[in-house]
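Q: Mind having a look at this structure? Questions to follow.
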Amino acid sequence: MMGRRDGAQIAPSCTRDAPAVARVRAPGLLSTVQDLGRTGYRRFGVIHSGAMDRVAAQVANLLVGNHPAAAVLEMTLTGAALHFEQEALIAVTGLGLATFVDGEPAPCWRPLYVAAGSTVSFHPLPQGCRTYLAVAGGWMVPLWLGSASTDIRAGFGGLAGRPLRAGDALPIGCASERGLRILAALKSKRTRAPFAAPLWRVSWNALPRYEINPVIRVMEGPQANAFTVDSQRAFFTSPFRVTPQSDRMGYRLDGPALSLSRPLEMLSEAVTAGTIQVPPDGRPIVLMADSQTTGGYPQIAQVASVDLPRLAQLRPGQTMRFAPIGVREAQRLWRQQVQWLRCLTAAIQQAF
Amino acid sequence: MNGWQLCPLGDSAVRIQFGDQLDETVHRRLLTIADQLRQHPFEGMEECVPAYTTLTVFYNPVHMDYADVEQRLTEVLQQMSDAPVQPGRTVEIPVCYGGAYGPDIEFVALHHGFTVEEVIAMHTAAAYRVYALGFSPGFPYLGGLPTALATPRRATPRLAVPAGSVGIAGVQTGVYPVETPGGWQIIGRTPLALFRPWEHPPTLLAPGDTVRFRAIPSEAFDAWAEGGRTS
Chain A
12 MMGRRDGAQI APSCTRDAPA VARVRAPGLL STVQDLGRTG YRRFGVIHSG AMDRVAAQVA
72 NLLVGNHPAA AVLEMTLTGA ALHFEQEALI AVTGLGLATF VDGEPAPCWR PLYVAAGSTV
132 SFHPLPQGCR TYLAVAGGWM VPLWLGSAST DIRAGFGGLA GRPLRAGDAL PIGCASERGL
192 RILAALKSKR TRAPFAAPLW RVSWNALPRY EINPVIRVME GPQANAFTVD SQRAFFTSPF
252 RVTPQSDRMG YRLDGPALSL SRPLEMLSEA VTAGTIQVPP DGRPIVLMAD SQTTGGYPQI
312 AQVASVDLPR LAQLRPGQTM RFAPIGVREA QRLWRQQVQW LRCLTAAIQQ AF
Chain B
4 MNGWQLCPLG DSAVRIQFGD QLDETVHRRL LTIADQLRQH PFEGMEECVP AYTTLTVFYN
64 PVHMDYADVE QRLTEVLQQM SDAPVQPGRT VEIPVCYGGA YGPDIEFVAL HHGFTVEEVI
124 AMHTAAAYRV YALGFSPGFP YLGGLPTALA TPRRATPRLA VPAGSVGIAG VQTGVYPVET
184 PGGWQIIGRT PLALFRPWEH PPTLLAPGDT VRFRAIPSEA FDAWAEGGRT S
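Sequence order for the protein chains is A and B. Take 12 as the starting number for the first sequence in our numbering and just add one per residue. Take 4 as the starting number for the second sequence in our numbering and just add one per residue.
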């Protein structure tokens, strides 16, 4: 460990003396460092956390030559403003924000070269909720329990266990060789704009079907049959609205109140992202990335993992409907999504 | 062992239920199976989470689909019918009861017609079993609170309960590992860190442990806090 320079342990190609940083000029409503979460610590009561839209986060990383699980910045509804002191390769994915580099509109879902001294900022769009900003080399925050994700409630992980604040310096890791090649290729094509981007972008066809009023596919929850027949029917026939009391921990939904056939005495058991639990008031809660590890409310359904990114992009006021899906089909769709991310990785490797 | 049921918890977890009654013997068995799975994980298994009567096994469906996981777990459960049960550890937790550290202890005493000293004596005399960790990192769901001490939650939850606070809520008792909002009746505080993300394992307690509380004076609390973790 002696004499090793910060940030130098990641890629041998890194020759910087000190880690580059992005200076946070404005933090945005809720901007946190996230990766794909903490796996293996639920039994200690440590939440999984990680990016709410795991597909968007992974795509952002792939576009800048990072490992898909590298740390990204997740911005919610409003964006941060970041000043890059050195040139950088970045990518913006997700939904809800338009990107600007030194005030000029810049495209998303593709790699972006930004010159030294640029400021990247965002303007809110009418739809979408979470935008991801990846930088070649990743955001270099210390790993806690194997993950860079911010656990706001427990106050650890990410940048000092909290959302970004103005004045923060976000350290940037060393780009991979592929990241450096993408950066060099874009830089050579730069004209007078403060940034350079390729003409292509990741195809919408390959991404989750982001919709304003989506149909979310769910499997039966362990206590589904404890609900009245009417409630089970209402769950699948009525729209449910995302209420303002929704966050990374869970979405509280407004719709018909769901009731049990008879009172159910439950002992707490494991819950996870996508678990739809129903507290005594009958209003379902969909647990999301910051779901607690255990819960004691009856679980009516479990969202298919492939639909969690689509849910992640809903904002309060939007509605969804639920449709049943089998476990086998949900797992097939999961593998398809993984396969698609592998194809994207291969395509980028071929291009650069 | 007999009497278990498997059901999927979505597309990436399986819930194994062992009856629906709180039972120490069942819980011991369930922890033994969790240990076994952890030592011999199947391909794609990510983690298993024990609770009171359930063990939930998380896996990555890229490696195995539900039917394969179900078959694999059934084999393990059948083989484990006679496995020896591991005894848990006993962990002593020093607690400074009452005063600024336990602002609700007088309410608890009054509620039952005890003196504060009696509440402390009863709370420290009992042995508590850790059934699960959850709610917040390292928070123990403890069984074994003397029924005479069962006290309803506060009518208005506190916005911030300090880390280390020891509380009672209904028939439950527990310790807050990190500062969170909470409605439990707070009777004391421990200087021990229940959540320690810098260590492995990252928590003081594990499911299956037996907890005993020991009363310490407030001077000892301060010394402990200043001297760091001495045990």
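A virtual CB, placed ideally from N, CA and C, is assigned to each residue, including glycine.
1) Consult DSSP for G18/A and reduce its assignment to one of helix, strand or coil.
2) So who's on the other strand from E50/B, going by DSSP bridges?
3) Could you check where the beta strand (DSSP E) with F247/A kicks off and where it finishes?
4) Say whether chain A places a C-beta atom closer than 7 Å to the C-beta of R132/B.
5) Report the neighbours of P53/B on chain A: residues whose CB is nearer than 7 Å to its CB, in chain order.
6) Throw me the rounded Cβ distance for the Q303/A and F138/B pair, which I believe falls under 8 Å.
7) Determine the burial state of D162/A: buried for a count of at least 16 other Cβ atoms within 10 Å of its Cβ, exposed for fewer.
8) Who does E231/A pair with in a DSSP beta bridge?
9) Nearest-angstrom Cα distance between A31/A and I183/A?
10) Rounded to the nearest angstrom, what separates F359/A and R252/A at their Cα positions?
11) So T183/B packs on V169/B, CB below 8 Å; how close in whole Å?
12) Starting from E73/B and walking both ways along the alpha helix (DSSP H), at which residues does that stretch end?
13) Helix, strand or coil: how does DSSP classify R173/A here?
14) Could you check where the beta strand (DSSP E) with L88/A kicks off and where it finishes?
15) Can you tell me which of G167/B, G186/B, I96/B and P180/B puts its alpha carbon nearest to the alpha carbon of L136/B?
16) Is there at least one Cβ from chain B nearer than 7 Å to M230/A's Cβ?
17) Starting from the C-beta of L11/A, find all residues in its chain whose C-beta is less than 8 Å away, skip the five residues before and the five after it, and write them out in chain order.
18) Counting only Cβ pairs nearer than 7 Å, list the residues of chain A close to L136/B.
19) Between the Cα of R53/A and the Cα atoms of L144/A, R294/A, E280/A and F111/A, which residue gives the shortest distance?
20) Would T59/B pass as a contact of R18/B if the rule is Cβ separation under 7 Å?
21) For the ligand HEM, is there any heavy atom lying closer than 6 Å to the beta carbon of Y221/A?
22) Going straight from the alpha carbon of L113/B to that of A124/B, what length do you get?
23) When DSSP builds the beta bridges, which residues end up paired with S168/B?
24) Which ranges does the beta strand (DSSP E) cover as unbroken runs of at least 3 residues, wholly within the region 287-336 of chain A, from first to last along the chain?
25) Classify G114/A as helix, strand or coil using the three-state DSSP reduction.
26) Step through the CB atoms of chain A and report whether any lies within less than 7 Å of the CB of R232/B.
27) Count the other CB atoms, across all protein chains shown, that sit within 10 Å of the CB of W120/A; report buried if there are 16 or more and exposed otherwise.
28) Give a yes or no on whether the minimum CB-CB distance between T304/A and chain B is below 7 Å.
29) Since E98/A and V125/A should fall inside the 8 Å C-beta cutoff, what is the C-beta to C-beta distance between them, to a whole number of angstroms?
30) With 16 as the cutoff for other CB atoms within 10 Å, does D64/A come out buried or exposed?
31) Between the C-alpha atoms of T43/A and M260/A, what's the straight-line distance to the nearest angstrom?
A: Let me spell this out:
1) Only weak support is given to the placement of G18/A: the predicted model assigns it a pLDDT of 31, under 50, and the value that follows is read from those uncertain coordinates. In this structure, G18/A counts as coil in the three-state DSSP scheme.
2) Per DSSP, F61/B.
3) No beta strand (DSSP E) contains F247/A, which is instead part of the alpha helix (DSSP H) from V240 to T248.
4) Closer than 7 Å: no.
5) Contact note: P53/B reaches chain A through R54, using a C-beta cutoff of 7 Å and chain order.
6) Indeed, because the Cβ distance is near 6 Å, the residues count as touching under 8 Å.
7) Using a 10 angstroms sphere on the CB of D162/A, the tally of other CB atoms reaches 16 or more, which defines it as buried.
8) Looking at the DSSP output, E231/A bridges to A312/A.
9) Each residue's Cα considered, the two are about 5 Å apart.
10) Residue identity differs from the one stated: residue 359/A is Ile in this sequence, not Phe. Approximately 38 Å, taken between the alpha carbons.
11) With a Cβ gap of about 14 Å, T183/B and V169/B do not count as contacting.
12) Y69 to Q82 is the extent of the alpha helix (DSSP H) around E73/B.
13) Reduced to three states, the DSSP call for R173/A is coil.
14) That residue, L88/A, is in no beta strand (DSSP E); it is neither H nor E in DSSP.
15) Looking at the Cα atoms, P180/B is the closest of the given residues.
16) Taking Cβ atoms only, chain B reaches closer than 7 Å to M230/A, which makes this a yes.
17) Only positions 12 to 363 of chain A appear in this structure, which leaves residue 11/A out of reach.
18) Neighbours of L136/B across chain A, judged by C-beta separation under 7 Å: R54, F55 and G56.
19) Out of L144/A, R294/A, E280/A and F111/A, E280/A has the C-alpha closest to the C-alpha of R53/A.
20) A contact, by the Cβ cut-off of 7 Å.
21) By its list of ligands, the structure shown contains no ligand whatsoever, and the ligand HEM lies outside what it can speak to.
22) Rounded to the nearest angstrom, the two C-alpha atoms are 15 Å apart.
23) DSSP, once it has assigned bridges, lists R192/B as partnering S168/B.
24) Those beta strand (DSSP E) runs which fall completely within the region 287-336 of chain A and span 3+ residues are 296-298, 310-314 and 330-335.
25) DSSP places G114/A in coil when its eight states are reduced to three.
26) Here the model assigns R232/B a pLDDT of 48, short of 50, so the residue's position is not dependable, and the following value carries that caveat. Chain A, which has no Cβ nearer than 7 Å to the Cβ of R232/B, makes this no.
27) Only buried fits W120/A, as 16 or more other CB atoms lie within 10 angstroms of its CB.
28) Yes, T304/A counts as interfacial toward chain B.
29) With 8 Å as the limit, E98/A and V125/A qualify as a contact, their Cβ atoms being about 7 Å apart.
30) With 16 or more other Cβ atoms within 10 Å, it is buried.
31) T43/A and M260/A have their C-alpha atoms spaced approximately 14 Å apart.
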